[in-house]
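**Student:** The structure that follows is given in the form of structure tokens.
2 protein chains.
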Amino acid sequence: MNVPSVPPPAGLSFLLGTWAGEGVGEYPTIETFRYGEEIRVWHTGKPFLAYSQRTWALDDGRPLHSEVGYWRATPDGGVELVLAHPTGVVEVQEGEVAGQAVRLRSTSIATTATAKHVVALERDVDVVGEQLRYAVRMAAVGVPLTHHLAATLRRQPE
Amino acid sequence: MNVPSVPPPAGLSFLLGTWAGEGVGEYPTIETFRYGEEIRVWHTGKPFLAYSQRTWALDDGRPLHSEVGYWRATPDGGVELVLAHPTGVVEVQEGEVAGQAVRLRSTSIATTATAKHVVALERDVDVVGEQLRYAVRMAAVGVPLTHHLAATLRRQPE
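First to last, the sequence lines map onto chains A and B. To convert, take the position in the first sequence, counting from 1, and add 236; that gives this note's numbering. To convert, take the position in the second sequence, counting from 1, and add 236; that gives this note's numbering.
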């Protein structure tokens, strides 16, 4: 069957691919930790990008965080990111893209009854050449918006 | 590397696998439609289940809806489901599991600025033998909670 396909949003196509690298997590309530990470961004034939991410401990490879969701471009050049986390958190992030730089902040966060209370998240994503860098700031468990994660990943061969 | 792994939640393990089948969608604002569907539920080495779903048109195979997220079991025998939709919607669903029957209702729904307004969703999922059936009721775009989706899928060989 010749399946009809709609192109991915042009303004976000620099995110497409598989990215791998390492990051550092820190927060006032935990010990600073390093992690390995893989990010996948792909096109499903619809006008958005699918996204999944997983991280692992550098010492024994045990799985740490993961998250999944979708990137959307808005008609006025904005960006929307919807995410689900296995920690029982969902996020709506909205923001802008300029060139290959994305600036996002949460406009809604909801959690399950048993989840830790996350209040706000901000994400900066920058792609330069074959390198993707991001930073995440988080307000959660009584701590105001504070730097939480930074990582550098490289685009992997297809 | 011998990667440490935590088992999946025992009370939800009947959902594990790849499921494929067909469904019917209806809603007061749209024409009734039939769709093909694949659901994947898998264990990542952490105490939850990862979930992805995609549907397609039966006539030409074009992609229709998709959604991704995670299933969590709570200590008191409850179920939590967090989902992201490429339509710009995120959901927190909470409910109960009895045997292989899950009853969920949305406790939080959030949408991006450009998304259609979804107010509530309820999901029934029942596994009998190798068959998974679900029904979804939705309140959205001014319509109160109304039957929206029903599908029957079969567990696929590994």
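Glycine is no exception: its CB is placed at the ideal position from the N, C-alpha and C atoms.
1. State the DSSP-derived secondary structure class of L319/A, mapped to helix, strand or coil.
2. Going by the beta-carbon positions, is the gap between H383/B and E262/B smaller than 8 Å?
3. Nearest by alpha-carbon distance to A337/A: which of G272/A, A320/A and A371/A is it?
4. Is the CB of S302/A under 8 Å away from at least one CB in chain B?
5. Looking at C-beta atoms only, is the number of pairs between the segment 341-360 of chain B and the segment 385-393 of chain A that lie closer than 8 Å three or more?
6. For a contact meaning CB atoms closer than 7 Å, what does F284/B contact in chain A?
7. Name the residues in the segment 339-351 of chain B whose C-beta lies less than 9 Å from a C-beta of chain E; which are they?
8. Count the other CB atoms, across all protein chains shown, that sit within 10 Å of the CB of I275/A; report buried if there are 16 or more and exposed otherwise.
9. Expressed to the nearest angstrom, what Euclidean distance is found between the alpha-carbon atoms of P380/B and R341/B?
10. Would you kindly report the start and end of the unbroken beta strand (DSSP E) that includes D362/B?
11. Please report how far the alpha carbon of A376/A lies from the alpha carbon of P264/A, in whole angstroms.
12. In angstroms, rounded to a whole number, what distance separates the CA positions of G281/B and E273/A?
13. In chain order, which continuous runs of the beta strand (DSSP E) of length 3 or greater are located wholly inside the segment 259-290 of chain A?
14. Suppose you measure from the CA of E316/A to the CA of Q329/A; what does that come to, to the nearest Å?
15. Does the distance from the CB of E366/A to the CB of R391/A come in under 8 Å?
16. When burial is assigned at 16 or more other CB atoms within 10 Å of the CB, is V325/A buried or exposed?
17. Report the three-state DSSP secondary structure of L294/B (helix, strand or coil).
18. Compare the C-alpha of R373/A against each of A356/A, W292/A, V363/A and W278/A and name the closest.
19. In or out: S241/B buried (at least 16 other Cβ within 10 Å) or exposed?
20. From the DSSP output, in three-state form, read off S342/A for me.
21. Can you tell me whether A246/A is helix, strand or coil according to DSSP?
22. Is there a Cβ from chain A that is less than 8 Å from the Cβ of T280/B?
23. In the DSSP assignment, what are the bridge partners of P240/A?
24. Where do the ends of the beta strand (DSSP E) carrying A351/B lie?
25. Could you work out which residues of chain B lie near E394/A, taking near to mean beta carbons separated by less than 7 Å?
**Tutor:** By the coordinates alone:
1. strand
2. In this structure, H383/B places its C-beta atom within 8 Å of the C-beta atom of E262/B.
3. A371/A
4. Contacts with chain B at 8 Å (Cβ-Cβ) include S302/A.
5. No, they do not touch.
6. P322
7. Looking at the structure shown, chain E is missing, and the protein chains on hand are A and B.
8. buried
9. 14 Å
10. Where D362/B is concerned, the enclosing beta strand (DSSP E) stretches over V354 to V364.
11. C-alpha separation (whole angstroms): 10 Å.
12. 16 Å
13. 266-279
14. 6 Å
15. yes
16. buried
17. coil
18. A356/A
19. exposed
20. strand
21. It is helical.
22. yes
23. Looking at the DSSP assignment, P240/A forms no beta bridge with any residue, so it has no partner.
24. Segment: none, A351/B is in no beta strand (DSSP E) and carries neither H nor E.
25. At a beta-carbon threshold of 7 Å, none of the residues of chain B lie near E394/A; the nearest stands roughly 21 Å away.
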